[in-house]
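Asker:
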Amino acid sequence: MSCLPASVIQRIPWRGRRLRVIGPALLAAVAAAAAPAAAITLEFDYRFDASGFFGTAEAPSAARRALELAARSFTAFGDELAAIQPGAADHWTAAVTNPSTAQPATVADLAVPHGTVIVFAGTRDLPSATLAEAGPGYYQNPSGSAAFLDAIVNRGQGASAADFGPWGGFIAFDTHQSSGAPRAWHFDVESPPIAGAYDFYTVAVHELAHLLGFGTSTAYWADVTGSQFDGAAARQLYQNPVPLSGQPPQHFDFGVTSPPFLGVQPQPSLGRTIPLGQRKLFTPLDYAAMADIGWSVPPELLELPGDVDEDHDVDGADFLAWQQGLGGAGGAPGDVNGDLAVDYYDGWLIRHYLGASGYDASPLAVASAAVPEPAGGGAWATALVMLTARRRWHARQGRAGSCRR
Ligand SMILES: [Ca+2]
Ligand SMILES: [Ca+2]
Ligand SMILES: [Ca+2]
Ligand SMILES: [Zn+2]
C-alpha cells in the first residue's frame, strides 16, 4: 500500500472551516463570530417513553447518556435549518410513529427551533431480531405563509431531491429478544461492549442516520442507481460507487469498508447489520453519504478521524494536542469533529482511533494518489442481527406510506 507524496498533501480552498491555517488576527475574529451557529442540535423528546427507559434530565439513565452521545456524531453539521414557529396564521401538525407503540402519533403546532431536529425516542418489543428502528416524521394540515410552509416541508434547504431537511422523527429500541428474554444492551460508552450484548451507542448512531435521511429520503434515492450509492462525495472517497444491500437497498453492502485508513479499514456504521459485542463509529464513508444527501459535513469528518496534527496517524501526539486545546473554540487544535469546540467528545474520538493510520483523501490528493483497496469484510460471519429503517415515500405530500423489513 502506498501513500501519496508529501508535495501533494496540501490544503484546498473548500476546507474553509480548518481555521488553524488562517493567520492569528483573522483567526481571533472568526472565532468570536463563528462558534455557536455552526452546529445543529438533536433535541430528544421523551414524551413517548412510557417505561422510563431513558430516565429523566435530572437522573438520566445510561441509555439516555449513550443516545445523547450518539447524537454528537451529527451535531457538527452546519446546516441552517429554518425554524418552524407556529403562530396566528401558521399552523401544522407533526406526524410521527410513536416509538413505544408503533401507532401513528401527532403533535399539533409543534415548534421546532432554528437548527434543531426533534427526535421522539422510546422502546418496545420490536419484531423478530430487530434491534432498533427509526425514520423521519412527516406532516399534516399545513397552512400559513410561504416561508412557514417551506420550513415545514424541507427546513429551507431547497429542493428535497438534493438536500434533505427534516423537522425530526422517531427512534425506537428493542426491549426483548425473540425468545422473550430481555434484550441485553451494553450502555456504557467508556468501556468496550461486553460479549453477548449489542452496543447501544452503535445502534443509536446507525438509526439516527436513518432519521436524518440515509435510506429514507428523496435525496438518498436520488443518489441510488440500481444497488449502488453514487453520491459524489461517497464515490470520491470510495473511488467507486458504493455497493448497497437489501431490497429496497437502504444500507451499504456487507463487504464495504471506509477509506481513508491504511491497513484494516473499519466497517461503516450504515452497513446492514451490526456485530454482537462490537462498537462501530460513524466513519468517513458514512459522513460522505450524509454530505451527498445534503448535510453540511465539516471536512474533518471526511478524513482520518482524530489526526489532530495531520501527520496521517492517530497517536499520543494527537491526544496531547487535544489535551492542550481542551476548552478552546473557533478552530483551536484538537477539534476532531469540526464543530469549532474542543471538548470531551473530541478526546473520546481520539481514544477510539488510537493506533490508526491513513492517507490524505482530499480531492487533490485522491486524484494523484494510489488509494489502497478497501479491506475485505470477513468479520461479518459471526452473530449478526438485521437493522431496519422506516421509509416515508410520500413525506412531501404528508402521507404516511412506509415499509418495514
Ligand atoms: Ca442541508
Ligand atoms: Ca497524528
Ligand atoms: Ca469538537
Ligand atoms: Zn439500518
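All you need for the numbering used here is the position in the sequence shown, starting with 1, plus 315.
Beta carbons: idealized from backbone N, C-alpha and C, even for Gly.
All values derive from a computational prediction rather than experimental measurement.
Determine the extent of the alpha helix (DSSP H) in which Val422 is found, giving its start and end residues.
Answerer: Element bounds for Val422: not the alpha helix (DSSP H) but the beta strand (DSSP E), Pro419 to Ala423.
Asker: If I measure Cβ to Cβ from Phe479 and keep anything under 6 Å in the same chain, skipping five residues before and after, which residues do I get?
Answerer: For Phe479, where only same-chain residues beyond five positions count, the Cβ hits under 6 Å are Gly528, Ser532, Ala534, Ile608 and Gly609.
Asker: Looking at Glu625 and ligand 2, is the gap between the Cβ and the nearest heavy atom below 8 Å?
Answerer: Under cutoff, so the answer is yes.
Asker: Report all residues from its chain with a CB closer than 7 Å to the CB of Ala377; omit the five preceding and five following residues, and keep chain order.
Answerer: Contacts found: Phe502 and Asp503.
Asker: Roughly how many angstroms separate the alpha carbons of Asp656 and Ala391, rounded to a whole number?
Answerer: First, the residue type needs correcting, since residue 656 is Ala and not Asp in the sequence shown. So the alpha carbons of these two residues sit roughly 10 Å apart.
Asker: Which same chain residues end up closer than 6 Å to Phe359 when comparing Cβ atoms and leaving out the 5 residues on each side of it in sequence?
Answerer: Val434 and Ala436, listed in sequence order.
Asker: Take Val629 and list the residues in its own chain whose beta-carbon comes closer than 8 Å to its own, dropping the five residues that flank it on each side.
Answerer: Correct list, in chain order: Leu619, Pro620, Gly621, Asp622, Ile665, Tyr668, Leu669, Gly670, Ala671 and Ser672.
Asker: Please classify Trp663: does DSSP put it in a helix, a strand, or coil?
Answerer: Three-state result, Trp663: helix.
Asker: Do you know whose CA, among Val411, Gly662, Ala397 and Gly592, lies nearest Pro508's CA?
Answerer: For Pro508, the nearest C-alpha among the options comes from Gly592.
Asker: When the Cα of Trp407 is compared with those of Pro419, Ala426 and Pro648, which residue comes out closest?
Answerer: It is Ala426.
Asker: When you compare the CB positions of Ser611 and Lys595, do they come within less than 9 Å of one another, or not?
Answerer: Cβ atoms of Ser611 and Lys595: not closer than 9 Å.
Asker: Helix, strand or coil: which one does DSSP assign to Trp637?
Answerer: Note: Trp637 maps to helix in three-state DSSP.
Asker: Within this structure, are the beta carbons of Gln639 and Gly649 separated by less than 9 Å?
Answerer: Their beta carbons are under 9 Å apart, which means Gln639 touches Gly649 by this criterion.
Asker: Kindly indicate the opening and closing residues of the beta strand (DSSP E) around Trp407.
Answerer: Counting along the chain, the beta strand (DSSP E) containing Trp407 begins and ends at His406 to Thr412.
Asker: For the alpha helix (DSSP H) containing Phe463, name the first residue and the last one.
Answerer: Start and end: Ala461 to Asn469.
Asker: Quick one: what does DSSP say Phe576 is sitting in, helix, strand or coil?
Answerer: Phe576: strand per DSSP, three-state reduction.
Asker: Does the beta-carbon of Asp622, which I'm using as the reference point, lie nearer than 8 Å to any heavy atom of ligand 3?
Answerer: Every heavy atom of ligand 3 is 8 Å or more from the Cβ of Asp622, so no.
Asker: Rounded to the nearest angstrom, how far is the Cβ of Ala676 from that of Pro574, given a contact under 8 Å?
Answerer: Ala676 to Pro574, Cβ: 6 Å. Contact.
Asker: Going by the C-beta, is Gly561 closer than 8 Å to any heavy atom of ligand 1?
Answerer: It does not: the Cβ of Gly561 is nowhere closer than 8 Å to a heavy atom of ligand 1.
Asker: I think Val571 touches Pro558, with their Cβ atoms under 8 Å apart; what is that distance to the nearest whole Å?
Answerer: About 6 Å separates the two Cβ atoms, so the contact holds.
Asker: Taking the straight line between their C-alpha atoms, what separation do you get for Ala404 and Ser458?
Answerer: Ala404 and Ser458: Cα-Cα distance of roughly 7 Å.
Asker: Take Leu526 as the anchor and find which of Ser542, Pro581, Ala496 and Gly452 has the nearest alpha-carbon.
Answerer: Among Ser542, Pro581, Ala496 and Gly452, the Cα nearest to that of Leu526 is on Gly452.
Asker: Mapping the DSSP letters down to three states, classify Val520 as helix, strand or coil.
Answerer: Three-state DSSP puts Val520 in a helix.
Asker: Based on Cα-Cα distance, which residue from Ile467, Asp654 and Tyr516 lies nearest to Leu446?
Answerer: Per the Cα distances, Tyr516.
Asker: Whole alpha helix (DSSP H) runs in the stretch 488–544 with 4 or more residues, listed along the chain?
Answerer: Fully enclosed alpha helix (DSSP H) runs of 4 or longer: 515–526 and 533–536.
Asker: Near Thr412, which residues of its chain fall below 6 Å by C-beta distance, leaving aside the five closest residues on each side in sequence?
Answerer: The residues are Phe485.
Asker: Count the other CB atoms within 10 Å of the CB of Ala496; is the residue buried (16 or more) or exposed (fewer)?
Answerer: By the neighbour-count rule (16 or more Cβ atoms within 10 Å), Ala496 is not buried but exposed.
Asker: With a threshold of 16 other CB atoms inside 10 Å of the CB of Val432, please say whether the residue is buried or exposed.
Answerer: Buried is the call here.
Asker: Can you tell me which of the three DSSP states Pro451 falls into?
Answerer: Reduced to three states, the DSSP call for Pro451 is strand.
Asker: Quick one: what does DSSP say Glu358 is sitting in, helix, strand or coil?
Answerer: Strand at Glu358.
Asker: Could you say which of Ala449, Glu395, Asp514 and Arg439 lies nearest to Ala364 if we only look at CA atoms?
Answerer: One point to set straight first is that residue 364 is Asp, not Ala, in the sequence displayed. Looking at the Cα atoms, Arg439 is the closest of the given residues.
Asker: Report the three-state DSSP secondary structure of Ala365 (helix, strand or coil).
Answerer: Three-state DSSP puts Ala365 in coil, outside helix and strand.
Asker: In three-state terms, what does DSSP make of Arg387?
Answerer: Coil, per DSSP.
Asker: Residues in the same chain with beta-carbon distance under 8 Å from Ala547, minus the five sequence neighbours each way, listed in chain order, please.
Answerer: So the qualifying residues of the chain are Asp607.
Asker: What does DSSP give as the partner residue(s) for Gly483 in the beta ladder?
Answerer: DSSP lists Ile433 as partners of Gly483.
Asker: Check for me: the alpha helix (DSSP H) holding Leu559 runs from which residue to which?
Answerer: First-last for Leu559: Val557 to Ser560, but that is the beta strand (DSSP E), not the alpha helix (DSSP H).
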